[in-house]
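Each residue of the sequence shown is one higher than the one before, starting from 134 at the first, in my numbering.
Just so it is clear, CB atoms sit at the ideal spot from N, CA and C, and this is done for glycine as well.
The structure displayed is predicted, hence computed values, not measured ones.
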Amino acid sequence: RYGLWHYLLAPAVVSLMLSSAILAVVFLAAMGLSGVVDRLVEIPIGWLDELINWVVGILMAFAMLAAFVFLHRRIVLIVLAPLLARLAELTVRGMEGEEFEATLDFRKAFQRGLHINTRSMIRELFATVSLVVLGFVIPIISPVTSCLVFLVESCFAGSGLIDFPLEYRGYSVGESIAYAKSHRGKATGLGAGYFLLMVIPVIGWMIAPTFGTVAGTVMTMEQLQSEQE
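Set out below in structure tokens:
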């Protein structure tokens, strides 16, 4: 509706390149760790040794997937922060009309993205590891902790996407964080949509950051307008 398709191309291409690089690094690290485990654990019983290798391989695959999703979101949102902030501005322009004047400073947008995502990554990592450990200690509640991990990650992801339109609106980092906290439900829903797009190989990796930014901008602008009324 706002004719922004061509503005999605550059972030999508960069996101795909970063995704490929991150996936390659994570894959090589997982294969290296799997090889180390295989050399350290030698069982004389053939079938048992093969079974353990399969289990380790499956666990490595899940760990690789989790590491990819975690690193992808943080690295991509930091590197693409200036482009995504610009996309948020253009979305606002489409919603508010041609009188909109772009005022984005790419350097400040990158620094802000680095600040917010680094802060969120530390908190998110602590919460996620705590829930995972709790699930291992008390296996019976592992389905609950798994759901909580998804909700926590979705909330942090949505909060990062909500910041782009708030940056244009002149919100400080602290004000943006406070706004996201007061709208946790919307931020979580937005982040969940981001992760669902990430499930789609290649295409999802390309469009998740851009579509998430546009969706977060539209949602936030509509929310701000309703609150003003």
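Where does residue i fall in DSSP's three states?
i	result
Arg256	helix
Gly230	coil
Arg302	coil
Val335	coil
Ile271	coil
Leu330	helix
His316	coil
Leu137	coil
Leu323	helix
Leu264	helix
Leu213	coil
Output needed for residue i: all residues of its chain with C-beta closer than 7 Å, excluding positions within five of it in sequence on either side, in chain order.
i	result
Leu284	Thr321
Ser148	Val209, Leu213, Trp338, Met339 and Pro342
Met354	Val225, Met228 and Pro298
Gly268	Ile274, Ser275, Thr278 and Ser279
Ile155	Phe201, Leu204, His205 and Ile208
Ala260	Val285
Tyr304	Tyr312
Leu281	Leu264
Val306	Arg245, His248 and Ile249
Thr350	Ala221, Thr224, Val225, Phe297 and Pro298
Ala94	Outside the displayed range of the chain (134 to 362) lies residue 94, so it cannot be described from this structure.
Nearest CA to the CA of residue i: which residue from the options?
i	options	result
Leu329	Ser315, Met164 and Gly345	Gly345
Ala157	Leu204, Ser253 and Leu142	Leu204
Ile336	Trp138, Leu137 and Val146	Val146
Glu257	Gly246, Ala290 and Glu229	Ala290
Pro215	Leu141, Pro334 and Arg252	Leu141
Val332	Gly165, Ala199, Ser305 and His139	Ala199
Glu360	His316, Leu294 and Leu323	His316
Gln356	Lys319, Ala325, Gly326 and Pro334	Lys319
Met352	Val306, Ile310 and Ile295	Ile295
Leu151	Leu137, Trp138, Thr350 and Ile211	Ile211
Gly324	Ser287, Gly165 and Phe243	Ser287
Can you give me the Cβ contacts of residue i inside the same chain, cut-off strictly under 8 Å, excluding the 5 residues immediately before and after it?
i	result
Phe160	Met197
Glu308	Leu299
Leu137	Leu220, Leu223, Thr224, Gly227 and Val347
By Cβ distance below 6 Å, which residues in the same chain neighbour residue i in space, the five residues on each side in sequence not counted?
i	result
Val347	Thr224
Ser253	Phe289
Ser292	Ala313 and Ala320
Ala242	Ala214, Pro215 and Ala218
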